[in-house]
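Student:
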Amino acid sequence: MQIRWLTAFLDFGASHFGTEVTYWRAITGSTVSPPRGEHREFATLEPFSGDAHLRVQRVQDGAGGVHLDIHVDDPRAAAIEAGELGARMIADHPTHLVYDSPAGMRFCLVPAVGSPRRARPIRWPEDTISIIDQICIDVPAPLFDREVVFWSQLTGWPTQQRARAEFVALRRDPALSLGILLQRLDSAGDSDQGTDIEKGTDTNKGPGNASAHLDLATTSVDDEVGRHEDWGARVVARYPSWTVMADPVGRYYCITDRNPRTGQ
1 MQIRWLTAFL DFGASHFGTE VTYWRAITGS TVSPPRGEHR EFATLEPFSG DAHLRVQRVQ
61 DGAGGVHLDI HVDDPRAAAI EAGELGARMI ADHPTHLVYD SPAGMRFCLV PAVGSPRRAR
121 PIRWPEDTIS IIDQICIDVP APLFDREVVF WSQLTGWPTQ QRARAEFVAL RRDPALSLGI
181 LLQRLDSAGD SDQGTDIEKG TDTNKGPGNA SAHLDLATTS VDDEVGRHED WGARVVARYP
241 SWTVMADPVG RYYCITDRNP RTGQ
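Numbered as in full-length UniProt numbering, the sequence shown ends at 264 without a single skipped number.
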């Protein structure tokens, strides 16, 4: 399949929806679109430049999580390919198809519209530059190798090993605002795995399934952490090249020392 765009969906529980949207709008420097959907459950975080790659959804059951929308020319043709690679259909809607990857990572196949433009990072008053530009799929160790093969074959993007053995990235498409990183979760209690704490936070998943969190790239992790703390986030763990954060209602994400313009 030819991927035209990627969108990360932040799925928020109904009781925290307003608080979560306010926080994520603030740290991304976005505006929020008017709500849409049958129950006004969807909205878009509109960047100051380029096209949106972050959206929000209010879910009625559980605390929510993160899922990925894959924009393609023909979702039903792409669905056949996804099924042949081991994905499992969850729902068939007129506007989109919902699937789980072999390890249980939720994604949707949606029709591509137009020619989206990549969003530019934001330069903040303290001269820090940042952007949310990566979705990290956290995969239990026994399922990791198959999951890496699945996402590489589904996207057509080759893998790139990172400095730490538990991370594998897919080669970024420079036309897209989001990249994909996979992390092997060797054990739920391994404190050296900075984002293991994301495991199990997606209440739409069963135990032992893959979940996901968002990564932000910045020119200054310390400045970015301080800005997020001012909006009510807290530091969970610090590592040499990233810091694990929890937003005001406990959703985990990472602030990483990567180039916001290239993702490298």
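C-beta: ideal position from N, C-alpha, C; glycine also. Predicted model, so just to flag it, every value in this text is computed and none were measured.
Answer yes if the stretch 61–71 comes into contact with the stretch 10–21, meaning at least three C-beta pairs across the two stretches below 8 Å, and no otherwise.
Tutor: yes
Student: Which residue spans inside the UniProt domain "Glyoxalase-like" (10–110) form an unbroken beta strand (DSSP E) run of at least 3?
Tutor: 42–46, 54–59, 64–72, 88–92 and 97–100
Student: Assuming contact is defined by CB atoms lying nearer than 9 Å, are Trp5 and His71 in contact in what I supplied?
Tutor: yes
Student: Give every residue of the same chain whose Cβ lies closer than 8 Å to the Cβ of Cys254, excluding the five residues on either side of it in the sequence, and list them in chain order.
Tutor: Cys136, Gly194, Thr195, His213, Leu214, Asp215, Leu216, Trp242, Thr243, Val244 and Met245
Student: So for Ala165, helix, strand or coil by DSSP?
Tutor: coil
Student: Going by DSSP in three states, Leu154 sits in which element: helix, strand or coil?
Tutor: helix
Student: In this structure, how does DSSP classify Gly179 when only helix, strand and coil are distinguished?
Tutor: strand
Student: Take the Cβ of Phe48 as the centre, count every other Cβ of all protein chains shown within 10 Å, and call the residue buried at 16 or more, exposed below.
Tutor: Looking at its Cβ environment, which holds fewer than 16 other Cβ atoms inside 10 Å, Phe48 is exposed.
Student: Among Ala52, Arg171 and Ser33, which has the Cα closest to the Cα of Ala43?
Tutor: Ser33
Student: Between the beta-carbon of Thr7 and the beta-carbon of Asp73, is there less than 9 Å?
Tutor: Going by C-beta atoms, Thr7 is not nearer than 9 Å to Asp73.
Student: Name the residue from Arg106, Trp151, Trp124 and Ala52 whose alpha carbon lies nearest to the alpha carbon of Gly226.
Tutor: Trp124
Student: List the endpoints of the continuous beta strand (DSSP E) containing Val244.
Tutor: Trp242 to Ala246
Student: In three-state DSSP terms, what is Asn204?
Tutor: Confidence in Asn204 is poor, its pLDDT being 44 and thus under 50, which makes the residue's placement unreliable; the coordinate value appears in the next sentence. Looking at Asn204 - three-state DSSP - the assignment turns out to be coil, as it is neither helix nor strand.
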